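So the structure is just underneath, and the comments pick up after that.
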Amino acid sequence: MSPQDGRSGEESQLRAWLAEELTRQNVAICRHLDEALEKQAKRQNSVMEQLAQNFSSTQKSMQSDLRMAGLAFPPPERAESKTRGMAGHEPPPVPNASSRSRNSSDTSSLNTASTESHEVDGNRRPSRMEKAWQEAQEEEKKEKGEKALALGTTYNRLVTRVEIDFKESVVDAVVSFLVVLYTFILLLQTQWRGSQAAVILGLQEPESDSWPGAEMAFFIVDHVFNAIFVLEIAWRLHMHKLQFLCDVFGVFDMLVVVATSIDVYVLQPFDAGYAQNFAVGRLTRIFRLMRIFRVLRVMRFAKNLQQLRLLGDVLSKCLSPLMWALLVLGIIMVGTGVLMSQLLVEHVLDTTADEENRMWVYNYYGTAIKATYSVFEATFSGSWPLLARPLIHEVSEWFCVFWIAYQVVIGFAVMRVIGALFLNETIRAANSDGEAEVLRKMKEKEAFSQKVYQFFTAADASGDGRLSYEELEAALQEPGVEAWLKALELEIHEAYTLFSLLDDDRDGEVSYEEFLHSALRLKGNARAIDSIMIMHEQLPGGQGTPSH
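Each residue of the sequence shown is one higher than the one before, counting from 889 in our numbering.
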């Protein structure tokens, strides 16, 4: 399977997992909102019932008090008419002399009416309380609506983020393919330029050109690919705004695209008109070299390929020990090179020695830099006998002691220790990769869940999604079930015990979710089931087997 297929499979699994997770969160949010609204409605009903009871008891108490005082409780229409009459602007009629005898009774009637109007006002207070309660209820509903809106906004943002990530993953895949394709085209273009140089040097006949139309084809390809990469950078700037410039890879991509655009759209046409201008040609070659850095853009998309991303992370984490190892080796090689140059300077200046051997010694050990490079070759290339034998045979046999000691101490011991430390650091960095560990655990859990589902479906003879004790007993009698359970790292007696642990209410049925949860908990732990069974038996009603 190609890395592209593996990455596509991982993307499809990731999209399926995200869709399932979003659905689960949406269902949970709706369930919480329904429960909150139901509780709020119950509280409102109870409060309204309490207010109605208080109002009824208050009204009955007032009626009884009025009866005890010998007064009748007027109906609401009468009380309201009296209240409106007292609140109007019509003055009461002026009493005459013949009606003064009835003033005392009228006064008492007015007092009674006033008392009744005040009582009616008192009876209307619960309406104001009810109005206040309705306002509080509306305010609470508004708060609930705002919370629901906030949850919906969060959900929409999450969906938008997932959509953006999906689009960006698709763009990353396409751009990665185009970068690899452009690298191959750049290889062909370099090969074509080499053949042109062979024609100029006279090593190849001009008539034997096997690249007809190559110059125009490469010209068009450069413009097409550069336009695609410019559009890609513009799209990323549109999606991420200024945050794109905060990414190191983003800045690197932009610099590479700008440099190649200058080469394609500015320097190449200018170089065509001034072919003999060496300064322009040198500048063109410098910007043309920037195109090779476009290959490094593949590292930007390493996050989409697990193995490539892991390799990049391990290399980045191993930079520190690598630098220290190179520093130690550098000090050793420089010191050894200076020592060799000082030991051999007398032989180079000895006029009695062989001239050819003196030139060979000077070419390899005459200066500190030449001697250091020779020691570097002897340390890393494994060609140290070619550098040691001329010194041993032509200069002094004592150099064999030096080379043996150097190869044993430096070439064998120090290099092996540094290699072992570097390998240990690499393994530790790879094991500390949390994201890779999570993906591995998810794949293992998915594979195990698939096996459990196959067993559960085969054992569920009724097809109701719940496994009864009778169905489990019947399934265990089938051939091959024992091997199936061993593949799940569960023994037959563990399956019985697992069923008894799950069936707490003794109804003789276990759901798939319960079975899977306990199977994951007990998988790979032989003693865990015994400990859980002991604790289960200590609980009330924990002993026994599931009821038939």
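Here a beta-carbon is modelled for each residue, glycine too, at the ideal position from N, C-alpha and C. Keep in mind it's a predicted model, so treat the numbers as computed, not measured.
For residue j and residue i, the rounded distance between their alpha carbons
i: V1146; j: A1115; result: 11 Å
i: G1353; j: A929; result: 35 Å
i: F961; j: A940; result: With a pLDDT of only 44 at F961, under the threshold of 50, the placement of this residue in the model should not be trusted, and no figure is reported.
i: L1279; j: H1235; result: 10 Å
i: W1099; j: V1058; result: 35 Å
i: L906; j: M1330; result: 13 Å
i: M1142; j: I1121; result: 7 Å
i: R1012; j: E1027; result: Because R1012 sits at a pLDDT of 49, beneath the cut-off of 50, its placement in the model cannot be relied upon, and the following sentence gives the value as read from the coordinates. Spanning the two alpha carbons is a distance of roughly 23 Å.
i: L1404; j: A1347; result: 14 Å
i: S945; j: G1351; result: 59 Å
i: Q1342; j: E1334; result: 12 Å
i: G1438; j: S1284; result: Shown here, the chain extends from 889 to 1436; a query on residue 1438 therefore has no answer.
i: Q1230; j: I1257; result: 12 Å
i: V1144; j: F1181; result: 7 Å
i: F1106; j: S1083; result: 15 Å
i: P1209; j: T1260; result: 23 Å
i: V1154; j: M1211; result: 40 Å
i: S1271; j: V1233; result: 23 Å
i: E1358; j: G1200; result: 54 Å
i: V1337; j: N914; result: The residue asked about is misnamed: residue 1337 is Ser in this sequence, not Val. One C-alpha to the other measures close to 24 Å.
i: S1269; j: M1127; result: 49 Å
i: Q1077; j: F1264; result: 35 Å
i: H920; j: V1398; result: 26 Å
i: V1216; j: Q1131; result: 40 Å
i: K927; j: R1124; result: 47 Å
Residue i Cβ short of 7 Å to the ligand NAD heavy atom set
i: A1318; result: Looking at this structure, you won't find the ligand NAD or any other ligand, since it has none at all.
Own chain residues within Cβ distance below 7 Å of residue i, not counting five before or after
i: Q901; result: none
i: F1344; result: L1355, Y1400, F1403
i: V1318; result: It is worth fixing the name first, because residue 1318 is Ala in this sequence and not Val. Closer than 7 Å at Cβ, skipping near neighbours: L1198, V1202.
i: L1133; result: V1139
i: V1438; result: As shown, the chain starts at 889 and ends at 1436. That puts residue 1438 outside it, with no answer to give.
i: I1298; result: I1220, T1267
i: D860; result: Missing from the structure shown is residue 860; the chain here goes from 889 to 1436 and no further.
i: F1290; result: none
Cβ-based neighbour list, residue i, same chain, cut-off 8 Å, excluding 5 preceding and 5 following
i: E965; result: The predicted position of E965 is uncertain, since its pLDDT is 44 and thus under 50; a value taken from the coordinates is nonetheless stated next. If we look at E965 and ignore the five residues flanking it on each side, it has no Cβ neighbours.
i: S1262; result: G1225, M1228, Y1252, Y1253, L1275
i: F1310; result: C1206, P1209, L1210, A1213
Identity of the residues DSSP links to residue i by a beta bridge
i: V1398; result: L1355
Span of the alpha helix (DSSP H) around residue i
i: V1302; result: Element bounds for V1302: n/a, residue is neither H nor E.
i: C1206; result: Element bounds for C1206: n/a, residue is neither H nor E.
i: I1280; result: Where I1280 is concerned, there is no enclosing alpha helix (DSSP H), given that its DSSP letter is neither H nor E.
i: S1271; result: Run containing S1271: none; DSSP gives neither H nor E here.
i: V1289; result: 1287-1294
i: E1244; result: 1243-1253
Short CB-CB distance (under 8 Å) between residue i and chain D
i: E1361; result: As a matter of chain content, chain D is missing from the structure shown, which is built from one protein chain.
Other residues of its chain near residue i: CB distance less than 6 Å, five sequence neighbours each side excluded
i: I1306; result: A1213
i: A1086; result: Q1092
i: N1245; result: E1282
i: W1080; result: W1099, A1102
i: A1308; result: none
- Query: Enumerated in chain order, which unbroken segments of the alpha helix (DSSP H) with a length of 4 residues or greater are wholly contained in the stretch 1106-1170?
  - Reply: 1136-1150, 1156-1161
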